[in-house]
Amino acid sequence: RKEIRKKTYSQEEFRVQTSCPGIPTEMIRSESTRRSESTSPKSSCTTTTRLRNWKNDYELQQWRDELVKERHLTGVGLKGVPGQEKGRFTTRDEVIDTVAAIISQCSVAHAAANFQQYEDYAFPPNYPAYLDRGPPKDKRALSEDDIVSLLPSKQVTLDAMIITKLLSSKGTNSLGYFEVQYMYEPAAVSAAEEFREDLKRISDDIKHRNSLKDLPYPYLDPEIVPNSISI
């Protein structure tokens, strides 16, 4: 994920991609190359391709502002977003870390918290989703009848099974396989393909290790990790 962002944003600038004749396809060019190409008579493009310093990209900086703005002011209200010292993104790594953290929360963290709910809750003695009365408040020994009396009714158990089964079902593509393709820049497309190859190796390794375990843990296998929140 970080490589995708690193290849999309250079240390100083990125280029708006166009299909105009005479405009190079590479993401980043040296200053001298850019100048020579921008004045090239071969280009029939009427719109000037502009190179912008990403630090002054107002859309990027306003996106960060929305992330940290308090919720009652219609912001997201996130804490700890990189760039706090100056109130804006000042390094490429700050942008990368922010995007990578969001992707991780919506994919890996979501898979860990969401997809094992049926395994946990469907058998009430293991992890009851509901108790008929308060939990024990002292260390007095409990009988089997005491414990059973705490467990939910058959109807509540069935409802919990249905809900957790639905929540544990995967409804989006696997991580790295996007439902809609938004990346067309060659560098970003290449980085995404490398990312998928890395995920395939990780998946094979997890499958092998799980095959040797009595209690496998498949939920962080990239084939199971969703590409986005799956509820």
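The opening residue of the sequence shown carries number 1 in full-length UniProt numbering; numbering runs sequentially from there.
We put the CB at the ideal spot given by N, CA and C, even for glycine.
Practice problem: Starting from Pro226, follow its DSSP beta bridges and name the residues at the other end. | Solution: Within the sequence shown, residue 226 is the residue found at index 226, counting from 1. The partner list for Pro226 (beta bridge, DSSP) reads Ser174.
Practice problem: Identify the continuous alpha helix (DSSP H) that holds Lys165 and give its terminal residues. | Solution: Along the sequence shown, read from residue 1 onward, the residue named residue 165 stands at position 165. Element bounds for Lys165: 154-167.
Quiz item: Quick one: Cα of Lys165 to Cα of Asp57, how far?
Solution: Counting from 1 along the sequence shown, the entry for residue 165 is found at position 165. Counting from 1 along the sequence shown, the entry for residue 57 is found at position 57. Lys165 and Asp57: Cα-Cα distance of roughly 44 Å.
Practice problem: Just the C-alpha distance for Lys79 and Arg64, rounded to the nearest angstrom, thanks. | Solution: To locate residue 79, count along the sequence shown from 1; it is residue 79. To locate residue 64, count along the sequence shown from 1; it is residue 64. If I take the Cα positions, the gap works out to 11 Å.
Quiz item: To which residues of the same chain is Leu67 closer than 6 Å at the C-beta, ignoring the five residues directly before and after it?
Solution: Here the question's residue 67 lines up with position 67 in the sequence shown. Around Leu67: Val76, Leu78, Val81.
Exercise. Answer yes or no: do Asn227 and Asn173 have a C-beta to C-beta separation smaller than 8 Å?
Key: As a position in the sequence shown, residue 227 is number 227, starting the count at 1. As a position in the sequence shown, residue 173 is number 173, starting the count at 1. Against a cut-off of 8 Å, the Cβ pair of Asn173 and Asn227 comes out as a contact.
Exercise. Select from Arg140, Phe123, Asp146, Tyr121 the residue whose C-alpha is nearest the C-alpha of Arg133.
Key: What you label residue 133 is simply residue 133 of the sequence shown in a count that begins at 1. Comparing Cα-Cα distances from Arg133 to each of Arg140, Phe123, Asp146, Tyr121, the minimum goes to Asp146.
Practice problem: Determine, using beta-carbon pairs with one atom in the segment 114-122 and one in the segment 87-104, whether at least three such pairs fall under 8 Å. | Solution: no
Exercise. Note down the Cα distance separating Gln61 from Gly87, rounded to an integer number of angstroms.
Key: Working through the sequence shown from its first residue, we reach residue 61 at position 61. Working through the sequence shown from its first residue, we reach residue 87 at position 87. Distance between the alpha carbons of Gln61 and Gly87 is about 9 Å.
Practice problem: Return yes when the Cβ of Pro124 is within less than 8 Å of the Cβ of Thr157, no when it is not. | Solution: As a working note, residue 157 is residue 157 in the sequence shown. As a working note, residue 124 is residue 124 in the sequence shown. Between Thr157 and Pro124, the gap from beta carbon to beta carbon is short of 8 Å.
Quiz item: If you follow the alpha helix (DSSP H) that Lys55 is part of, which residue opens it and which one closes it?
Solution: Walking along the sequence shown from the start, residue 55 turns up at place 55. Looking at the DSSP string, Lys55 is not in any alpha helix (DSSP H), and its letter there is neither H nor E.
Quiz prompt | Cβ shell of Ala160 (< 6 Å), same chain only, five flanking positions each side left out | solution = Along the sequence shown, one-based indexing puts residue 160 at 160. Closer than 6 Å at the Cβ level, and outside the excluded window around Ala160, lie Tyr121, Ala129.
Quiz prompt | Reduced DSSP secondary structure (H/G/I, E/B, other) of Ile231 | solution = Start at 1 with the first residue of the sequence shown, and residue 231 comes out as number 231. Coil at Ile231, not helix or strand.
Quiz prompt | Cut-off 7 Å between Cβ atoms - residues of its own chain near Glu223, not counting five sequence neighbours on either side | solution = Position 223 of the sequence shown, counted from the start, is the residue given in the question as residue 223. Cβ within range, chain order: Ser174, Ser203.
Quiz prompt | Range covered by the alpha helix (DSSP H) that runs through Pro124 | solution = Here the question's residue 124 lines up with position 124 in the sequence shown. Unbroken run through Pro124: none, as it is neither H nor E.
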